[in-house]
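In what follows, a single structure is set out as structure tokens and then discussed.
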Ligand code: PMP
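Residue numbers (this note's numbering): 1 to 430.
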């Protein structure tokens, strides 16, 4: 099978392809869909309408092929071998790191640490940076729209250290109240941890501004980019984040791989996370010395195939052009928001100034799980529940929402199918 047209191969610089995409033909979603084998199938006899992209995205053929090519022709453990396959696997793994660096516009590949996902990346920062710098009476500042994975690791740290978790509140639209955020940045704030895009509401936080506000008070910032990287251009040198995390599986890559970006000077000064092979320079029974970054934070055999798959995914996205993807998804979100607004008793939850990818809603007194189950019979996959954001649900006095979330391969026809499905739900419950 031929790789999707225009997808750069491992090692080619990404920037050139972004430029190529900028001058390319109009966005052709039908062609894009043909890159995703899973989308060609039927579910319950109906064409699959996959609108659960905030949970995980589907994988283009180039990603699936990169992973199987690695296992078919390139599998070996990295770093330690002098034989051909080991050296080749090491090169591919490092090429993937370089791809991530270019994708994020980080200064150096050594600022890119491979982890299992956004969750592990946040835990890493909490347990290394946090544990070594946060003490009794200190504060960690988060916002009211965080995913549990950007709440619980900080709560655990605060409980251990006698520190306090502070939360910047949100308004009824789902926007963070920036004056409150500023007021909560105090002399005891040791780190601020903010989501870039909310998975439950779709709110895009003005993170650049929030980072500036925090830096004015010498507070470092971790940004949870799990829901941003698939939808927006993220540029580390422009944003100025101290740490930025995301998961491969939400950005068309495999599960089990993710990224922690950290500024080199911070990573250098941090203690290691896990001990083991590869993260050391020398070991005696008395004492070990640690490897340089990024290897200091990558103990043990990593997910080599996962990193290669993630590299292929970011190349795919760059070849399409993230700005064109963002525009396509923005139009979808506007169309969907407008289309559902005509449905009686449907209330959109989350009306932030700027949103990406997510339409959360409730429908009268119908339980969101019932909405999800009925839509499933039509082949439509959405997510229902609290979306690992229970405090957000509490803020809106609801237990759950139904959430449709969009990706670069979704179409207006799929949104029409969603609307027809919701109307069917209403008929069932009327
Ligand atoms: N942050 C946000 C905003 C998310 O949406 C998610 C996944 N739903 C995570 C963090 C955690 O990602 P993972 O489970 O891949 O570690």
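The C-beta atom is built at its ideal place from N, Cα and C for all residues, glycine as well.
Pair within 9 Å by beta-carbon distance, residue i and residue j
i           : j           : result
residue 242 : residue 266 : yes
residue 334 : residue 206 : no
residue 146 : residue 224 : yes
residue 103 : residue 318 : yes
residue 141 : residue 118 : no
residue 204 : residue 352 : yes
residue 381 : residue 52  : yes
residue 387 : residue 54  : yes
residue 325 : residue 337 : no
residue 271 : residue 110 : no
residue 311 : residue 100 : yes
residue 365 : residue 403 : no
residue 433 : residue 42  : Outside the shown range of the chain (1 to 430) lies residue 433, about which nothing can therefore be said.
residue 431 : residue 164 : Because the chain spans 1 through 430 in this model, residue 431 falls outside it and cannot be assessed.
residue 474 : residue 78  : The question about residue 474 has no answer here: the residues shown for the chain are numbered 1 through 430.
residue 108 : residue 264 : yes
residue 297 : residue 401 : no
residue 197 : residue 89  : no
residue 37  : residue 64  : yes
Closer than 8 Å: residue i CB and nearest the ligand PMP heavy atom
i           : result
residue 58  : no
residue 199 : yes
residue 250 : yes
residue 227 : yes
residue 303 : no
residue 116 : yes
residue 53  : no
residue 158 : no
residue 253 : no
residue 143 : no
residue 318 : no
residue 224 : yes
residue 147 : yes
residue 496 : In the structure as shown, the chain starts at 1 and stops at 430, and residue 496 therefore has no counterpart that could be examined.
residue 150 : yes
residue 120 : yes
residue 86  : no
Residues that residue i bridges to, as DSSP identifies them
i           : result
residue 303 : Residue 303 pairs with nothing; no bridge assigned.
residue 46  : 43
residue 82  : Paired residues: none, contrary to the question.
residue 385 : 401
residue 380 : 49
residue 355 : 203
Cβ-heavy atom distance, residue i to the ligand NAP, below 8 Å
i           : result
residue 360 : For the ligand NAP, the structure offers nothing, since it holds only the ligand PMP.
Where in the region 387-430 do unbroken runs of the beta strand (DSSP E), each at least 3 residues long, occur, reported from the N-terminal end onward?
401-405
Please determine if the region 410-430 and the region 172-191 are in contact, where contact requires at least 3 C-beta pairs separated by less than 8 Å.
no
Contact the region 67-85 vs the region 104-123: 3+ CB pairs below 8 Å
Touching, no, given that fewer than three Cβ pairs across the two stretches are closer than 8 Å.
Decide if the region 279-296 is in contact with the region 329-343; the criterion is three or more beta carbon pairs, one per stretch, under 8 Å apart.
Touching, no, given that fewer than three Cβ pairs across the two stretches are closer than 8 Å.
Per the contact definition of three or more C-beta pairs closer than 8 Å, is the region 380-396 in contact with the region 214-233?
no
Is it true that the region 122-131 meets the region 144-159, where meeting means three or more beta-carbon pairs spaced less than 8 Å apart?
yes
With a threshold of 8 Å, are at least 3 pairs of Cβ atoms found where one atom belongs to the region 307-314 and the other to the region 247-263?
yes
What are the uninterrupted segments assigned as beta strand (DSSP E) that are 3 or more residues long and contained completely in the region 217-259, given in chain order?
221-224 and 243-247
Suppose only complete runs of 3+ residues qualify. What are the beta strand (DSSP E) ranges in the region 302-352, listed by chain order?
346-349
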